[in-house]
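Chemist: Dropping the structure in here first, questions after.
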Amino acid sequence: MKKQGYSQDNFFGWLMSSPALLLLTIFVIIPLVMGLGWSFTNKRLISPLPTEYIGLKNYDSILAIKLIPIDPILDENGKPQIDEKGNIQYFRVRDVIRANPKYQDFRLYTEFNAFGNHFGIIAKDPDFYRALINTTLYVLMIVPAIGIISLLLALLVNQRIWGVSIFRVLYFIPSITSISVTSVVWMFLYNPDQGLINQLLQKISFGAFGFSPWLQSADTALLAIILYTIWQASGLFMVIFLGGLQDIPEDTYEAAKIDGANPFQTLLYVVIPQLRNTIIYVVITSSILGFRLFTQVDVMTKGGPEGSTLTLMMHTVNEGFRNQKIGYASAISIVFFIFILILTFTQRKIFKSENVLE
Amino acid sequence: MNKRLALVIRFCVLTLFVASIAACSPAVTQAPEVTEAPVVTEAILPTDIVSAEAPIDVTLWFHGGSVGESDTLRAQVEDFNASQTKYRMTINEIPGGAAAGSGYNDAVNAAAVAGTLPDLLDFDGPFLFNYAWGGYLTPLDDLIPAELKADIFPSVLDSLKYDGKIYGIGQYDSGLALCGNKAILEEAGVRIPTSVEDAWTFAEFNEVLEKVKGVGGTEYSIDLKMNYGAGEWYSYGFTPVIWGNGGDLIDRSTYQTADGFINGEKTVAAVTWFKSLFDNGYATSTPPDDNEFVNGKAALGWCGHWMTTTYYDALKENFVLIPMPNFGERQATGNGTWVWGITKDSKNPEGAMAFIEFIMKPEEVLRTVTQNGAVPATFSATEQSDLFKKGGRLSIFGEQLARVDIATPRPITPGYPVITSAFYTALDNIIKGADIQTELDAAADKIDKDLQDNSFYPQK
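Here it is as structure tokens:
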């Protein structure tokens with residue numbers, strides 16, 4: 034009797050999840066398998082040239098990276114040449130690469146001085162490493178920032194004050210407006226000469242800050258994208274936190290009050306522990322959001338200047354779609370997939386061990 | 125509680141996992157759906173009547189972006205549908221310009237893979253070679269009526285050939301020159317050239333840039349339309365500076381390498397000069413919008429034909445079109461523009477051609493170019509045009525295009541999409557402060573890698 038009931042449950046379980054499973058199969062599992070297959074070929078988007086099996090060559094092109102010493106240019110006395118600023122003159126990395134058949138297909142990623150020597154880092158696809166580092170930096174910065182800001186916003190709009198729902202709506206509006214539209218608006222805000230942000234900075238600092246190039250410089254472009262994303266996404270997570278806050282029973286606050294806790298202690302010892310699940314949810318979803326970064330970059334900087342805002346998603350789309358190398362882009366996707374898999378398991382481990390401690 | 129928590133965590137981990145897979149699958153931008161064809165009610169009506177009467181549906185894709193251009197085209201489609209009963213044209217406007225990475229090209233590529241291309245589509249000239257090589261355009265040689273072929277300027281027709289066959293037909297060719305604010309130029313006391321023969325020399329042009337700076341309330345000398353952003357405008361608009369200095373983006377004799385060309389001495393010198401326009405305050409790299417020239421913030425404008433109508437409407441008798449100057453070795457300007465092509469899988473190439481024939485009539489060509497300021501591509505339209513005949517407001521465009529030693533096509537190769545994106549990315553970085561030689565070297569490497577990856581784009 035019991036067994037039969039169980040299998041009936043099982044049947045209904047499968048029945049209920051079948052639409053989702055079907056969609057997952059069509060849109061996630063099949064593309065993943067196709068992508069894995071294509072990653073071993075040189076498949077192109079549209080081309081009369083035939084597709085060939087090329088083994089692991091795509092993976093080698095993505096991952097190959099080398100550190101090479103760069104020699105100084107010597108003058109006729111065998112001493113390093115010095116320019117007028119007193120810097121030692123080194124050979125150009127590109128010339129070193131081209132002179133050595135071992136480094137064929139490698140390109141300059143970056144060069145630096147260390148321990149009195151000059152080194153170059155060369156990779157077959159420097160843009161991949163740029164994208165990887167940018168994406169990681171971006172996620173590391175937006176996850177805590179969005180978490181803290183959206184929690185603070187949620188605490189603010191959780192007050193029982195007249196008109197507070199207006200603020201809830203105002204903070205939520207950026208999240209429900211199209212990213213393309215708000216990105217264009219922010220491009221105007223970031224305009225170095227006439228943008229509101231620089232004008233405002235200049236006014237409130239009495240001219241001490243007044244000129245930041247924002248999207249126009251490799252040093253500030255990623256930061257500008259991060260600030261925009263925090264503004265864009267915090268409203269959504271504020272609503273999630275708000276839901277969590279309203280789930281906390283009123284009597285716990287009262288109990289805290291009776292015990293003489295001040296508001297800060299209430300936050301730290303009552304609110305945050307009760308929000309644990311919400312916080313975990315926010316951390317995981319905002320990291321997903323971070324790794325998928327594409328739209329705002331495509332609109333605002335197209336990955337520039339100098340690749341400083343190139344993301345893994347963008348690099349994949351560029352290679353597969355715009356440079357028409359589907360096989361290569363599939364391989365990037367697979368590498369990206371493995372990268373995220375490792376991160377996910379790490380995150381899982383962290384949350385699990387915390388769980389054990391509790 | 126603990127159990128529930130574990131469940132939530134498991135759920136979240138699963139979500140991230142699934143999302144990461146979704147994020148990893150090759151991102152294919154969904155092709156905009158073709159406007160659904162009206163259902164022909166064949167079933168309820170006697171078939172013999174309907175098959176004789178019902179118009180054949182023909183679909184058309186058009187790049188959006190310019191309101192004036194798309195309004196004109198929509199009107200032309202309506203008129204075409206009203207003028208005959210055999211075909212019914214449906215228009216689908218897709219946002220984004222020509223550059224690799226802008227919406228329109230992505231949509232066309234996606235549709236080509238998915239097999240959902242329309243019968244007729246437009247594309248920017250140099251992309252023709254890639255599309256034709258990729259095999260999704262049909263040669264037009266057998267479809268074009270002889271009179272139409274004879275009416276199109278041979279130089280335009282030649283530029284639309286790949287592997288000896290015609291793959292595109294356009295109503296007009298593009299014009300690129302300088303627009304001037306006459307009042308400011310006269311106040312600054314500079315000579316205004318009136319024909320291609322007396323264009324500014326390089327030294328003179330540099331002098332002009334210095335002289336007009338700040339005159340008549342301007343903030344800088346020339347508006348370079350940098351608000352278009354890194355894209356085809358950089359390649360179309362600014363490679364003439366490189367050609368004019370004797371450089372190029374690729375070795376045109378073989379199309380096998382870009383090394384020594386896009387990063388060659390002459391190109392580097394030209395780009396260095398171009399960068400100096402910003403460093404010297406002659407131009408801004410961050411204009412807030414499209415109206416710097418109209419608002420009188422600049423005395424000159426780097427001027428594509430599509431801006432001339434707006435500029436003329438704003439400046440009236442102060443508007444003057446000035447030929448491209450000499451950039452060191454010679455005068456240079458670009459050519460090539462958006463043209464129409466018929467797709468390989470089109471079921472109604474005759475219907476598509478009927479529409480092309482319709483819009484190539486002199487009155488329709490004139491209707492388009494009067495709106496967008498481009499140079500008519502047919503003899504018949506040019507004869508009837510007030511704007512382009514000798515002494516007309518835009519005659520400079522025609523004069524430049526007639527001179528093969530001035531008007532230069534962008535590289536003629538299926539590899540063009542990568543050439544242009546490598547170049548405009550490099551130029552964008554350079555304008556924002558990157559090292560010129562390093563950036564152009566990287567562009568050369570990118571182009572050469574693409575050429576190798578595609579076996580140097582062999583012709584069939």
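First to last, the sequence lines map onto chains A and B. Going by the numbering used here, the first sequence opens with residue 34, and the numbers climb by one from there. Going by the numbering used here, the second sequence opens with residue 125, and the numbers climb by one from there. Where a beta carbon is used, it is the ideal one built from N, C-alpha and C, also for glycine.
1. Taking A/P207 as the query, report the chain B residues whose CB atoms sit under 8 Å from its CB, ordered along the chain.
2. Is B/V191 buried or exposed, if buried means 16 or more other CB atoms sit within 10 Å of its CB?
3. Here's the rule: buried if 16 or more other CB atoms are within 10 angstroms of the residue's CB, otherwise exposed. What is B/Y540?
4. Let me check one thing: in DSSP terms, what residues is B/H187 bridge-paired to?
5. Can you check which of these residues, A/P225, A/V218, A/L82, A/T349, is closest to A/Q265 by C-alpha distance?
6. By DSSP, does B/S579 sit in helix, in strand, or in coil?
7. How is the beta strand (DSSP E) around B/R315 delimited, first residue to last?
8. In the stretch 529-546 of chain B, which residues sit with their C-beta less than 8 Å from some C-beta in chain A, listed in chain order?
9. Contact check, B/D437 vs B/N351 under 8 Å by CB: the rounded distance?
10. Within 10 angstroms of the Cβ of A/N150, are there 16 or more other Cβ atoms? Answer buried if so, exposed if not.
11. For B/L264, which of B/E481, B/Y344, B/D203, B/C303 has the nearest alpha-carbon?
12. Where do the ends of the alpha helix (DSSP H) carrying B/Y358 lie?
13. Contact check, B/Q495 vs B/T196 under 8 Å by CB: the rounded distance?
14. Return the residue from the list B/F402, B/A235, B/P411, B/P250 that minimises the CA-CA distance to B/T467.
15. Span of the beta strand (DSSP E) holding B/F247?
16. Give a yes or no on whether the minimum CB-CB distance between B/A236 and chain A is below 7 Å.
17. Excluding the 5 residues preceding and the 5 following B/F547 in the sequence, name in chain order all residues of the same chain whose CB lies nearer than 8 Å to its CB.
18. Are the stretch 177-184 of chain B and the stretch 208-218 of chain B in contact at 8 Å, needing three or more beta carbon pairs?
19. Extract the residue ranges of the alpha helix (DSSP H) inside the stretch 366-398 of chain B, only unbroken runs of 4 or more that lie entirely within it.
20. Under 7 Å between the Cβ atoms of A/L260 and A/A187?
21. What residue range is occupied by the uninterrupted beta strand (DSSP E) comprising B/N351?
22. Mark A/K335 as exposed unless 16 or more other C-beta atoms lie within 10 angstroms of its C-beta, in which case mark it buried.
23. Exposed or buried, which one is B/E441 when buried takes at least 16 other CB atoms within 10 Å?
24. For the beta strand (DSSP E) that A/E144 lies in, which residues bound it at each end?
25. Measuring CA to CA, which of A/I166, A/F161, A/Y204 is closest to A/I179?
26. Is there a Cβ from chain B that is less than 7 Å from the Cβ of A/L78?
27. Residues in its own chain within less than 7 Å of A/N110 by CB, not counting five upstream and five downstream?
28. Based on the DSSP output, what are the partners of B/R212 in its beta bridges?
29. Report yes or no: do the stretch 337-356 of chain B and the stretch 420-437 of chain B share at least 3 C-beta pairs separated by less than 8 Å?
30. For B/F503, report the span of its beta strand (DSSP E) as first-last.
31. When you check each C-beta in the stretch 414-431 of chain B against every C-beta of chain A, which residues fall closer than 7 Å?
32. Is A/A257 buried or exposed, if buried means 16 or more other CB atoms sit within 10 Å of its CB?
33. Could you check which residue in A/I98, A/F73, A/L269, A/I101 has the C-alpha nearest to that of A/A362?
34. Within the continuous beta strand (DSSP E) that includes A/L100, where are the two ends?
35. DSSP has B/D297 in a bridge; who is on the other side?
36. Using a Cβ distance threshold of 8 Å, determine whether the stretch 189-207 of chain A contacts the stretch 322-338 of chain A, with at least three qualifying pairs required.
Modeler: Concretely, from the data shown:
1. The contacting residues do not exist; A/P207 stays about 21 Å from chain B at best.
2. B/V191 is exposed by the Cβ-count criterion.
3. That one is buried.
4. Bridge partners of B/H187: B/I218.
5. Selected option, being the one with the closest Cα: A/V218.
6. Residue state for B/S579 is assigned as coil, using DSSP reduced to three classes.
7. Careful: B/R315 lies outside any beta strand (DSSP E) and carries neither H nor E.
8. Those residues of the stretch 529-546 of chain B that come within reach of chain A (Cβ to Cβ, closer than 8 Å) are P541, V542, S545.
9. Between B/N351 and B/D437 the Cβ distance is about 19 Å, and since that is not below 8 Å, they are no contact.
10. Exposed: under 16 other Cβ atoms inside 10 Å.
11. With distances taken between Cα atoms, B/L264 lies closest to B/E481.
12. For B/Y358, the enclosing alpha helix (DSSP H) begins and ends at 356-368.
13. Contact holds; Cβ gap of about 5 Å.
14. Closest by C-alpha distance to B/T467, out of B/F402, B/A235, B/P411, B/P250, is B/A235.
15. B/F247 -> beta strand (DSSP E) spans 244-248.
16. Chain A contact via Cβ: present.
17. For B/F547, same chain residues with a beta-carbon under 8 Å away, outside a window of 5 residues either side, are Y358, S359, T363, L373, I386, A567 in chain order.
18. The stretch 177-184 of chain B vs the stretch 208-218 of chain B: in contact.
19. Runs of the alpha helix (DSSP H) inside the stretch 366-398 of chain B: none found.
20. No, the pair does not count as a contact, with Cβ atoms beyond the cut-off.
21. Here B/N351 belongs to no beta strand (DSSP E), and DSSP marks it neither H nor E.
22. Buried, because 16 or more other Cβ atoms sit within 10 Å of the Cβ of A/K335.
23. Counting the other Cβ atoms within 10 Å of the Cβ of B/E441 gives fewer than 16, which makes it exposed.
24. Per DSSP, A/E144 is one residue of the beta strand (DSSP E) stretching across 140-147.
25. If we check each option's Cα against that of A/I179, A/Y204 comes out closest.
26. Closer than 7 Å to some Cβ of chain B, the Cβ of A/L78 qualifies, so yes.
27. Nothing meets the Cβ criterion.
28. Answer is B/D181, bridged to B/R212.
29. The stretch 337-356 of chain B, when compared against the stretch 420-437 of chain B, does touch it at the 8 Å Cβ threshold.
30. In this chain, B/F503 is not harboured by any beta strand (DSSP E); it is covered by the alpha helix (DSSP H) spanning 503-507.
31. Using a CB distance below 7 Å, no part of the stretch 414-431 of chain B faces chain A.
32. With 16 or more other Cβ atoms from the protein chains shown falling within 10 Å of its own Cβ, A/A257 counts as buried.
33. Cα-wise, what sits closest to A/A362 is A/F73.
34. For A/L100, the enclosing beta strand (DSSP E) covers residues 98-103.
35. For B/D297, the pairing in a beta bridge is given by DSSP as B/V499.
36. With a cut-off of 8 Å, the stretch 322-338 of chain A and the stretch 189-207 of chain A do not count as touching, because too few Cβ pairs lie within range.
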